[in-house]
Each structure stands twice: as structure tokens, then as C-alpha cells.
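Remarks on the structure that follows.
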Amino acid sequence: MSEDDVFDPCGEVERDIGRGMFEEEMGPGSSMAHLYRGEIHRMKFWRERLDRTTNWAVTILAAISTWAFTGDTPHFVVLIGMVMLTVFLVIEARRYRGYDLWRSRVRMLQENVFANALDPTTGIEDPAWRRELSEDYRRPKIKITFEEALAHRLRRVYLPLLTVLLVAWLVRITAFDGATHWPASAAVGAVPGVVVSGVVAAFFVGVTAVACRPRTWKANGELRLTDVDVWSDAE
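First residue of the sequence shown? That's 518 in the numbering used here, and the numbers climb one at a time after it.
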């Protein structure tokens, strides 16, 4: 092998780089297998970070809900719980964007390498996947917007949790404030109850719109009910 063979971009050596990554005789110890293990490990690490944030959010929900109906606890502690859950939502949306970076690579390898290796008769659906994956390794980039990440986490976790707190707050200001009736019972200090109720209503309209508005999802490999085949008894 000469020096020209190594540095010539049109040389045979340059064209052969990476050819052995997909050969059957390489077996499970091939560089592709190690690459896949590494991507799985990174995806698992970011998945655990998401779960950790969710666990804290559920813990706070349980604590706030219990405290709000104990003794003379003011109703606005439930609103504080909503604020805390929103903070966790923002943190988790940022982490979800990082998780999607690794998850998208794993799904690309599963769809184009392992699925075709197990059933080679199906052919390659996306012949440009190697170039796409190569570019992603050269210049990694976040693939989904922050707003889409918020929508994912709201649909999966936070919209139900926030709804539980909303119901708890409504019960607290309507059934546990004695002679004070809504909207006066929703007041927080000098802020009238109508204003507080309006802010809460606007917040829930906003998060519901983010979670449920029609969109083209960019997250690659995010499994939804419409994407998963349901096995029936007849099958």
C-alpha cells in the first residue's frame, strides 16, 4: 500500500472503508454490533433521565394533593404544584430532545440493518440511510423542536398529571371553603378569584393546544398506537 493510496480520495482504499461493517462473516463481534450496543446504551441512559424526572413529578403530585386537603391549607398550594410540574415538564422536554437523538439512530439501525438481515427478501426500503446516518455522525443535530418535545411529554405523562391537579384545585375552591363561594374562593391574596381562574384556564387551554393540535411528527421511531400492528384472535 503506497502513500498515494491512503490519501487519494478516489483511490480504492478510500472506497473500501466501511465495506466490512455489514458482512455476515463478521458476526456479533463486528464493529456494527459494537456501534449498535453503544447507541442502545446511550438511549437507555437518556431514557432513565426521563423516567427520573417523571418519578419526581408524580411524587410532588401525590404530596401536593394530600397536603391541599389537610387542615386549613390554602388552595394555592395546588397552584404551586402546577408550577412545579410545569418546571419538570420543561426539563423533561429538553431531555426528550436528547433522547430522540440516540433513539432515532437505534431505530435506523434496526430498520435497515437487523430487519433486513433477518428477512433479506424484503429488500431495502430506504437506500440512502447509510449516507443519512453518516451525516448524523459527522454533524449531530437535534431532530425535533422544543414544542414537539413538549407535546410528546404532555401526551404521555404531564397532561394527565396536570389534569389531576386541576380537578383537585376545583374541588378545593368549590367544596372546602365554607361560606366563601367561587370566584371569591379562588382569590390569592390581593389577586381576585376571577383573575386567578382566568390564568389557570388560559394555562390549560395552552397546554392542551400544544399537546393535541394536528402536526407532522418529526420524532423517528416514536411508537404510537397508529404505528403498531394489533394482533387479533383471527391472526
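Idealized CB from N, CA, C, for every residue including glycine.
Task: Proximity of arginine 559 and tryptophan 619 at Cβ, strictly below 8 Å - done: As a position in the sequence shown, residue 559 is number 42, starting the count at 1. As a position in the sequence shown, residue 619 is number 102, starting the count at 1. Going by C-beta atoms, arginine 559 is nearer than 8 Å to tryptophan 619.
TODO: With DSSP as the reference, please indicate the residues paired to valine 705 in a beta bridge.
DONE: Start at 1 with the first residue of the sequence shown, and residue 705 comes out as number 188. Answer by DSSP bridge pairing, in chain order: Val708.
Open item on the list: Below 8 Å, how does it come out for the stretch 696-714 and the stretch 602-622: are there three or more Cβ pairs, yes or no?
Closed with: At 8 Å Cβ cutoff, the stretches do not touch.
- [ ] Counting only the same chain and skipping the five closest in sequence on each side, list residues whose C-beta sits under 8 Å from that of glycine 556.
- [x] Sequence index remark: in the sequence shown, residue 556 carries index 39 (1-based). Note that residue 556 is glutamate in the sequence shown, not glycine. Cβ within range, chain order: Trp619, Arg622, Val623 and Leu626.
Task: For tryptophan 686, the three-state DSSP class (helix, strand or coil) - done: Along the sequence shown, one-based indexing puts residue 686 at 169. The answer is helix: DSSP assigns tryptophan 686 an H, G or I state.
Open item on the list: With H, G and I counted as helix, E and B as strand and the rest as coil, what does DSSP make of glycine 588?
Closed with: The sequence position of residue 588 within the sequence shown is 71, counting from 1. Here glycine 588 carries a coil assignment [DSSP, helix/strand/coil].
Task: Member of Thr733, Glu628, Met599 and Thr638 whose CA lies at the smallest distance from the CA of isoleucine 581 - done: Translated into positions along the sequence shown, residue 581 becomes position 64. For isoleucine 581, the nearest C-alpha among the options comes from Met599.
Open item on the list: With a threshold of 7 Å on Cβ separation, who are the neighbours of methionine 601 within its own chain once the five nearest residues in sequence on each side are excluded?
Closed with: Here residue 601 is taken as the residue at index 84 of the sequence shown, counted from 1. Within the same chain, methionine 601 has close Cβ partners Ile577.
- [ ] Measure the CB-CB distance between leucine 671 and alanine 728 and report whether it falls below 8 Å.
- [x] By one-based count along the sequence shown, residue 671 stands at place 154. By one-based count along the sequence shown, residue 728 stands at place 211. Contact: yes.
- [ ] Using only alpha-carbon positions, find the residue among Arg612, Ile690, Ser651 and Ala579 that is nearest to glutamate 665.
- [x] Walking along the sequence shown from the start, residue 665 turns up at place 148. When only C-alpha atoms are compared, the closest one is Arg612.
Open item on the list: Please state the DSSP three-state secondary structure of threonine 733.
Closed with: What you label residue 733 is simply residue 216 of the sequence shown in a count that begins at 1. In this structure, threonine 733 counts as coil in the three-state DSSP scheme.
Open item on the list: Taking the beta carbon of valine 711 as the centre, do at least 16 other beta carbons fall within 10 Å, making it buried, or is it exposed?
Closed with: Along the sequence shown, read from residue 1 onward, the residue named residue 711 stands at position 194. That one is exposed.
Task: Where the alpha helix (DSSP H) through threonine 603 begins and ends - done: For the purposes of this step, residue 603 is identified with residue 86 of the sequence shown, where counting begins at 1. Element bounds for threonine 603: 593-626.
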